[in-house]
Amino acid sequence: MHYFDPHIHVASRTTDELAAMARLGCVVLGEPAFWMGYDRSSTGSFRDYFRQLTEWEPRRAANYGIRHYAWIGINAKEAEDVAFAREVIAMLPEFLDRPNVLGIGEIGLHKCTRNEVATLEALIELAMQRDEQLLFHTPHLEDKYKGTRMILDLLRADHRVDRSRVCIDHCEEHTIRLALDEGYWAGITLYPVTKATPERAIDMIETYGPERILVNSSADWGPSDPLAVPQFMYLMHRRGHAESLVRRIVYDNPLQFFNQSRNFQFPPAE
Amino acid sequence: MPHTLAEPHVLDREFLGIRAKLIELAATLDRIDRTQRPVAADPRMEQIRRGLKALAGETSGRAEEILMIFSLPYEQDWR
């Protein structure tokens, strides 16, 4: 079965892993801009990173028959310096019209500070001005519930937001209902320790149904598994779920969500 | 709409896994008890105790309940 991994940081992964993903059926991946494990020292570092996501990584994935799409933005961990963040935000329009860019992401909150909120509001404003799709990172561990509620408060206050074009990512059992009840897409990240395991992701789908749910590996430079989505598929089958339900979660749903981006073309028009 | 589990023998399939996780958890708590550093007053131990109590509860929704025990409070008037 073909599948999407709608959130994975392949810039941090090897070509061997891309090949393994392709062998197991990955046909499309989404790579959001994120924190690379260290704070960047200049806007030039961000420019190079955005070029990597829009020039080099698509070619690397294409070698294995995988279509690479990107989200461009400044992550919450580097959003504390508001002046610096505004310089990066000013650069984003240079990249948002590139052919593999789906929208602005992953953006959100980390420690839920005033400065993070100020940067996030500037990013949402840019997205609304340009009619961009949005991908939200929700905080880790003890900050997740509070941060998710704050992100939803910010979005609810802006009547221009089309909720069907927004994904609230890294949802867990205590936040997924918040996102779904307000009409957003809910992303579930399959991680070995933090976030959700594939087993818990399936539990959430059994509880809330498949509508507007995406599952992803969010594999990066930390403990994570680039093959988490096929592992999820295997466990769905093992629990006895229908092929059509598995396909809906790993293919139809991300296709529907990505299709709302003006730059998304799949199957490729050739 | 909830999608009920298609596979009917959930307990059969999960029993050994639950057993292993409970023993692992018990051994980890024993390991903490053996350390020299007193941890009884550590607020994380209170979170763990509350989590274990939730785990032993009779009602469904334990995962959400435990996640909330480990979450910071949200204040509606944060703005």
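If you read the protein sequences in the order shown, they are chains A and B.
Numbered by this note's numbering, the letters in the first sequence go through residues 1 to 270 in order.
Numbered by this note's numbering, the letters in the second sequence go through residues 1001 to 1079 in order.
Note that CB positions come from ideal geometry on N, CA and C, so glycine has one too.
| query | When we look at the beta-carbon of Trp-185 (chain A) and count the other beta-carbons within 10 Å, is it buried (16 or more) or exposed? | reply | Counted from its first residue, the first sequence places residue 185 (chain A) at position 185. Looking at its Cβ environment, which holds 16 or more other Cβ atoms inside 10 Å, Trp-185 (chain A) is buried.
| query | the region 1065-1077 of chain B: which residues have C-beta closer than 9 Å to a C-beta of chain A, in chain order? | reply | Contact residues of the region 1065-1077 of chain B toward chain A are Glu-1065, Ile-1066, Leu-1067, Met-1068, Phe-1070, Ser-1071, Leu-1072, Pro-1073, Tyr-1074, Glu-1075, Gln-1076 (C-beta to C-beta distance below 9 Å).
| message | Would you say Gly-1061 (chain B) lies against chain A (beta-carbon separation less than 9 Å)? | response | Here residue 1061 (chain B) refers to the residue found at position 61 of the second sequence. It does: the Cβ of Gly-1061 (chain B) has a partner Cβ on chain A nearer than 9 Å.
| request: Quick one: list the residues of chain B neighbouring Asp-143 (chain A), beta-carbon separation under 9 Å, in chain order. | output: As a working note, residue 143 (chain A) is residue 143 in the first sequence. Result: Ser-1071, Leu-1072.
| Residues bridged to Thr-189 (chain A) (per DSSP) | Translated into positions along the first sequence, residue 189 (chain A) becomes position 189. Answer is A:Asn-216.
| request: Note down, one range per segment and in chain order, each alpha helix (DSSP H) of at least 4 residues found wholly within the region 36-95 of chain A. | output: 43-51, 57-62, 82-91
| request: Tell me whether the beta-carbon of Asn-115 (chain A) lies closer than 9 Å to the beta-carbon of Glu-142 (chain A). | output: As a first step, residue 115 (chain A) must be located in the first sequence, where it is residue number 115. As a first step, residue 142 (chain A) must be located in the first sequence, where it is residue number 142. Cβ atoms of Asn-115 (chain A) and Glu-142 (chain A): not closer than 9 Å.
| task | Determine which residues share a DSSP beta bridge with Tyr-3 (chain A) and list them. | result | Residue mapping note: residue 3 (chain A) aligns to position 3 of the first sequence, counting from 1. Tyr-3 (chain A) pairs with A:Cys-26.
| field | Boundaries of the alpha helix (DSSP H) in which Val-1010 (chain B) is found, first to last residue | value | If you number the second sequence from 1, residue 1010 (chain B) lands on position 10. Where Val-1010 (chain B) is concerned, the enclosing alpha helix (DSSP H) stretches over 1010-1034.
| task | Starting from Glu-172 (chain A), find everything on chain B with Cβ-Cβ shorter than 9 Å and list it in chain order. | result | Your numbering for residue 172 (chain A) matches position 172 in the first sequence. By Cβ distance, chain B contributes Ala-1063, Glu-1064, Leu-1067.
| query | Name the DSSP beta bridge partners of Val-166 (chain A), please? | reply | By one-based count along the first sequence, residue 166 (chain A) stands at place 166. Looking at the DSSP assignment, Val-166 (chain A) forms a beta bridge with A:Leu-134.
| request: Would you decide whether Phe-1015 (chain B) is buried or exposed? Buried here means 16 or more other CB atoms lie within 10 Å of its CB. | output: For the purposes of this step, residue 1015 (chain B) is taken as residue 15 along the second sequence, with counting starting at 1. By the 10 Å Cβ count, Phe-1015 (chain B) comes out exposed.
| said: Using 8 Å for Cβ pairs, my map puts Ile-107 (chain A) next to Leu-92 (chain A). What's the rounded Cβ distance? | reply: As a first step, residue 107 (chain A) is located in the first sequence; it is residue number 107 there, counting from the start. As a first step, residue 92 (chain A) is located in the first sequence; it is residue number 92 there, counting from the start. About 10 Å separates the two Cβ atoms, so there is no contact after all.
| field | Interface flag, Met-1001 (chain B) vs chain A, CB-CB below 9 Å | value | The residue you call residue 1001 (chain B) lines up with position 1 of the second sequence. Residue confidence for Met-1001 (chain B) is low, a pLDDT of 46 falling below 50, so the modelled location carries little weight; the figure read from the coordinates is stated next. Output row for Met-1001 (chain B): interface = yes.
| field | Cutoff 9 Å: Leu-1055 (chain B) Cβ touching any chain A Cβ | value | Position 55 of the second sequence, counting from 1, holds the residue named residue 1055 (chain B). No, Leu-1055 (chain B) does not count as interfacial toward chain A.
| Can you name, in chain order, every residue of its own chain whose Cβ lies under 8 Å from the Cβ of Arg-40 (chain A), other than the five neighbours on each side? | To locate residue 40 (chain A), count along the first sequence from 1; it is residue 40. Counting only Cβ-Cβ distances below 8 Å, and skipping sequence neighbours, we find Phe-46, Tyr-49, Glu-78.
| Taking three-plus beta-carbon pairs below 8 Å as touching, is the region 221-240 of chain A in contact with the region 197-207 of chain A? | yes
| task | Examine chain A for any beta-carbon lying closer than 9 Å to the beta-carbon of Arg-1034 (chain B), and answer yes or no. | result | Indexing the second sequence from 1 puts residue 1034 (chain B) at position 34. Cβ-Cβ to chain A under 9 Å: no for Arg-1034 (chain B).
| said: Less than 8 Å between C-beta atoms, sequence neighbours within five positions excluded: which residues of the same chain meet that for Thr-113 (chain A)? | reply: Residue 113 (chain A) sits at position 113 when you count from the first residue of the first sequence. Excluding residues within five positions, the ones whose Cβ falls inside 8 Å are Glu-80.
| Met-1001 (chain B) by DSSP, collapsed to three states: which one? | Numbered from its first residue, the second sequence carries residue 1001 (chain B) at position 1. Only weak support exists for where Met-1001 (chain B) lies, its pLDDT of 46 falling under 50; the value from the coordinates is given anyway. Coil.
| field | Contact set between Met-150 (chain A) and chain B, taken where Cβ atoms lie within less than 7 Å | value | Against the first sequence, residue 150 (chain A) aligns to sequence position 150. The contacting residues are Trp-1078.
| Would a check of beta-carbon distances place Lys-77 (chain A) closer than 9 Å to chain E? | Although the question refers to chain E, the structure presented lacks it and instead comprises the protein chains A and B.
| request: Could you list which residues in chain B have their beta carbon closer than 9 Å to that of Arg-359 (chain A), in chain order? | output: Coverage of chain A is limited to positions 1 through 270, which leaves residue 359 (chain A) absent and any answer about it impossible.
| task | Indicate whether at least one CB of chain B lies closer than 9 Å to the CB of Asp-153 (chain A). | result | Here residue 153 (chain A) refers to the residue found at position 153 of the first sequence. Yes, contact with chain B.
| query | Would the beta-carbon of Asn-216 (chain A) fall within 9 Å of that of Gly-25 (chain A)? | reply | Taking the first sequence and counting its residues from 1, one reaches residue 216 (chain A) at position 216. Taking the first sequence and counting its residues from 1, one reaches residue 25 (chain A) at position 25. Result no, Cβ atoms of Asn-216 (chain A) and Gly-25 (chain A) do not sit closer than 9 Å.
| message | Considering only DSSP beta bridges, list what Val-101 (chain A) is partnered with. | response | One-based indexing of the first sequence puts residue 101 (chain A) at position 101. Val-101 (chain A) is bridged to A:Ala-70.
| field | Exposure label - Ser-273 (chain A); buried when at least 16 CB within 10 Å | value | A question about residue 273 (chain A) goes unanswered here, because the residues of chain A that appear run from 1 up to 270.
| Under 9 Å by beta carbon: chain B residues contacting Lys-146 (chain A) | Counting from 1 along the first sequence, the entry for residue 146 (chain A) is found at position 146. Residues of chain B passing the Cβ test: Ser-1071, Leu-1072, Pro-1073, Tyr-1074, Glu-1075, Trp-1078.
| request: Work out the CA separation of Ser-42 (chain A) and Leu-1055 (chain B) for me, nearest whole Å. | output: Locating residue 1055 (chain B) in the second sequence gives position 55, where the first residue counts as 1. Locating residue 42 (chain A) in the first sequence gives position 42, where the first residue counts as 1. Their Cα atoms are separated by approximately 47 Å.
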